[in-house]
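K.L.:
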Amino acid sequence: MTEPSAILIADSDPVLRRFVGALLSHNGYQAHEAPDAETAIRLATALKPRLVVLDLMLPGRDGFEVINSLKADAATARIPVMVLSVKDREEDVVKALNLGAEDYVGKPFSTQELLARIRKILARSG
Amino acid sequence: MEPMRPLMIQIVTGVGAFLALLTVAIAINKALREMGEAFDRRRRTLLEPAVFEYLGATSSKPLLDYLPKSLSRRDRRLVEQILLEAARFTKGEARDRITAACEALLSVREAIRALRSRRWWKRADAAEKLGLMRSQTAVGPLVQLMGDEEPEARIRAARALGLIRGSTSIRPLVRALGDPSRWSAIRVAEILIHVGVEAVDELLAAFDTLPHSARISALDVLGRIRSLRSVGMLKHCLDDAHPDIRARAAHGLGLVGDSATAPDLIRALKDPEWPVRAMAAKALGRLGDPAAIGPLREAMKDRQWWVRANSGEALRHLGPEGCAALTDMLGSDDPYARHMAVAQLEEGRIIERYVADLTSNDPERHAAALRFIDKITAVARLNDRTRHAAAGTQEALRAALTNILKTPTTEGSR
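Heads up: the sequence lines are chains R and S, in that order.
Residue numbers for the first sequence follow this note's numbering, so the first one is 1043 and each next one is one higher.
Residue numbers for the second sequence follow this note's numbering, so the first one is 812 and each next one is one higher.
#1: Indicate the three-state DSSP secondary structure (helix, strand or coil) for Tyr877(S) in the structure shown.
#2: Looking at Leu1064(S) and Leu1045(S), is the spacing between their C-beta atoms short of 7 angstroms?
#3: Identify the continuous beta strand (DSSP E) that holds Gly1148(R) and give its terminal residues.
#4: Anything in the segment 904–927 of chain S with a Cβ closer than 8 angstroms to a Cβ of chain R? List those residues in chain order, please.
#5: What is the rounded straight-line gap between the Cα of Gly1180(S) and the Cα of Tyr1146(R)?
#6: What's the C-alpha gap between Ile1163(R) and Ala1071(S)?
#7: DSSP three-state label for Met1124(R), please.
#8: On the DSSP letters alone, give me the boundaries of the beta strand (DSSP E) that Leu1039(S) sits inside.
#9: Nearest to Arg980(S) by alpha carbon, out of Glu963(S), Arg998(S), Thr948(S)?
#10: Suppose only complete runs of 3+ residues qualify. What are the beta strand (DSSP E) ranges in the segment 1006–1035 of chain S, listed by chain order?
#11: When Cβ atoms are compared, which residues of the segment 884–897 of chain S fall closer than 9 angstroms to chain R?
#12: Do Ala861(S) and Leu878(S) come within 7 angstroms of each other at the CB atom, strictly closer than that value?
#13: Report all residues from its chain with a CB closer than 7 angstroms to the CB of Thr1220(S); omit the five preceding and five following residues, and keep chain order.
#14: Is the CB-CB distance between Thr1170(S) and Pro1150(R) below 7 angstroms?
#15: Check distances from the C-beta atoms of the segment 964–981 of chain S to those of chain R and list, in chain order, the residues that come in under 9 angstroms.
#16: Within the continuous alpha helix (DSSP H) that includes Glu1075(R), where are the two ends?
#17: Compare the C-alpha of Asp876(S) against each of Ile893(S), Leu916(S), Arg852(S) and name the closest.
#18: Strictly under 7 angstroms for the Cβ-Cβ distance: is Pro1101(R) near chain S by that measure?
#19: Measure the alpha-carbon distance for Thr870(S) versus Phe829(S) and round it to whole angstroms.
#20: With 16 as the cutoff for other CB atoms within 10 Å, does Gln1155(S) come out buried or exposed?
#21: Within 7 angstroms (strictly less), CB to CB, does Gly1065(S) reach chain R?
#22: Taking only three categories from DSSP, how would you classify Thr824(S)?
#23: Could you compute how far the alpha carbon of Ser1127(R) sits from the alpha carbon of Asp1145(S)?
#24: Taking C-beta pairs closer than 9 angstroms, name the residues in chain R that Glu859(S) reaches, listed in chain order.
#25: Please determine if the segment 1087–1104 of chain S and the segment 1112–1126 of chain S are in contact, where contact requires at least 3 C-beta pairs separated by less than 8 angstroms.
#26: Output, in chain order, the set of chain B residues within a Cβ distance shorter than 8 angstroms of Phe863(S).
#27: Over what stretch of residues does the beta strand (DSSP E) that includes Leu1050(R) continue unbroken?
#28: Would you check if the segment 907–924 of chain S and the segment 940–958 of chain S touch, i.e. whether three or more CB-CB distances between them fall below 8 angstroms?
#29: Determine the contact status of Ala1079(R) and Arg1060(R), defining contact as a CB-CB distance below 7 angstroms.
#30: Taking the alpha-carbon positions, what's the Lys1186(S) to Met1111(S) distance?
#31: Within the 7 angstroms Cβ cut-off, does Gly1099(S) reach chain R?
#32: Does any CB atom of chain S fall closer than 7 angstroms to the CB of Lys1149(R)?
#33: Please identify, using Cβ separations under 9 angstroms, the residues of the segment 1136–1161 of chain R that lie next to chain S, in order along the chain.
#34: Would you call the CB atoms of Leu895(S) and Ala912(S) closer than 7 angstroms?
#35: DSSP on Leu917(S), reduced to helix/strand/coil?
#36: Check the Cβ-Cβ distances between His1074(R) and every residue of chain S, and say whether any is below 7 angstroms.
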């Protein structure tokens, strides 16, 4: 089932997950956390969030593989993915966008910019 | 033996008692530490949401208004830890709030005091914290720490100054570039590159006062920061008396990538020193200006292998027109240029593409592929000999080989 404004944060850093989670909660979203790739895919399938905020360096499978898995499954293919990563090389950004990510935000990030981008993606995806 | 027995018993009892006491002390210490950690975890669940709410807020309310009224010393340390952890992945307004909070909690003052610790690792640790706190009040004490006797404390102070930024913190870093006896130029250069455009003005202002080796490092840093503000200085350095400076300046101009500097780099292709010509060729490949194609073709006949290699690579990076120029070079009367053209066409997988076109149904593509393969085959016949000729370092030997290779009969007989 889809919660009205559920957002899944997949990142191996627990402090970052809690920080982004708190930021989203204060702005009216329902934040869910995934510490690794497997949990991210499982929660995305179960919760059908309106957005997945995804790090590229996850334990187990990397973020690119997570995007691939989400886009290959009809149940999760339409969930927009925003990459939030310290990897800011041109080829990483292009690869993520080509695989189907909606947006790419580098770390360190501005909280206000992150929120603005999230709002824009959610408005676009209806 | 008999009189020794009570003494032996006393020694054994004493050692036993000491070991028992030590075990108890270790157990108590461990228990206390675990209790402290459990207490910290509980306190953190209370404090962390308040800190995160403060960092994500847009109001001007200070951090202390978000925290519980009675804040112990231990709580303050926890809040500082949470703030510094968040400092790793935030920028902009949230980052400024971290600095303000660290100043309000007096963490900055405490860390500055720790810079005077007798233990070097405490000084280094305090410097690192101050870098994350990014308070301008720490600049003076950190500049002082750059004169520390311990290299690790010095480099952490430099790194902290790089994180704090601002002209007062960047100036000592630029000065450090010029003191290789106390500083690793590579590490300082990395810090300045990380500072980015804010370091450019200081580097430009100090450039003429820097010693030779530091000027070379400064040119590398300016190139890697890729600010257009450094173009004037880099162009000026193309006329420097030292070839190292001219070569680094050419390399830097390529990294900056301002196409307006193409005429200057084309001029540098005629420099008397080959490292300058090689760097100019490489830079022209990065600029992507088609006006460089003609001069790069000429540079492929250079007497130095590096210049020819960089010129060929640059042509390859200049897109279809550059590749067409490389293909055209297969018919050059200069064997070294032909040799390099083949190498670059192989490297760019252009030969593979034409070979694939041999099976194309499109008659034009098929014919173009045949013409290309004919040219390549003709050069390949020369290659065994030109390879030796091109690798030769002696001018006379190469000139002799060139003359031999110009004689068509040797090829016709093969």
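Note that CB positions come from ideal geometry on N, CA and C, so glycine has one too.
Just so you know, these numbers come straight off a predicted model, no measurement behind them.
P.N.:
If we stick to the structure as given:
#1: coil
#2: yes
#3: 1145–1148
#4: Glu904, Ala905, Arg906
#5: Here residue 1180(S) turns out to be Ala, not Gly, going by the sequence shown. Between Ala1180(S) and Tyr1146(R), the C-alpha separation is close to 42 angstroms.
#6: 39 angstroms
#7: strand
#8: From DSSP, Leu1039(S) is part of no beta strand (DSSP E); its letter is neither H nor E.
#9: Note that residue 980(S) is Ser in the sequence shown here, rather than Arg. With distances taken between Cα atoms, Ser980(S) lies closest to Thr948(S).
#10: none
#11: Ile893, Glu896, Ala897
#12: yes
#13: Here the model assigns Thr1220(S) a pLDDT of 39, short of 50, so the residue's position is not dependable and the matter cannot be decided.
#14: no
#15: none
#16: Looking at the DSSP string, Glu1075(R) is not in any alpha helix (DSSP H); the run it does join, the beta strand (DSSP E), is 1072–1076.
#17: Leu916(S)
#18: no
#19: Inspection of the sequence shows that residue 870(S) is occupied by Ser rather than by Thr. Near 59 angstroms, if we compare the C-alpha coordinates of Phe829(S) and Ser870(S).
#20: buried
#21: no
#22: helix
#23: 50 angstroms
#24: Val1057, Arg1060, Phe1061, Ala1064
#25: yes
#26: The structure shown has no chain B; the protein chains it does contain are R and S.
#27: 1048–1052
#28: yes
#29: no
#30: 18 angstroms
#31: no
#32: yes
#33: Lys1149, Pro1150, Phe1151, Ser1152, Thr1153, Gln1154, Glu1155, Leu1157
#34: no
#35: coil
#36: no
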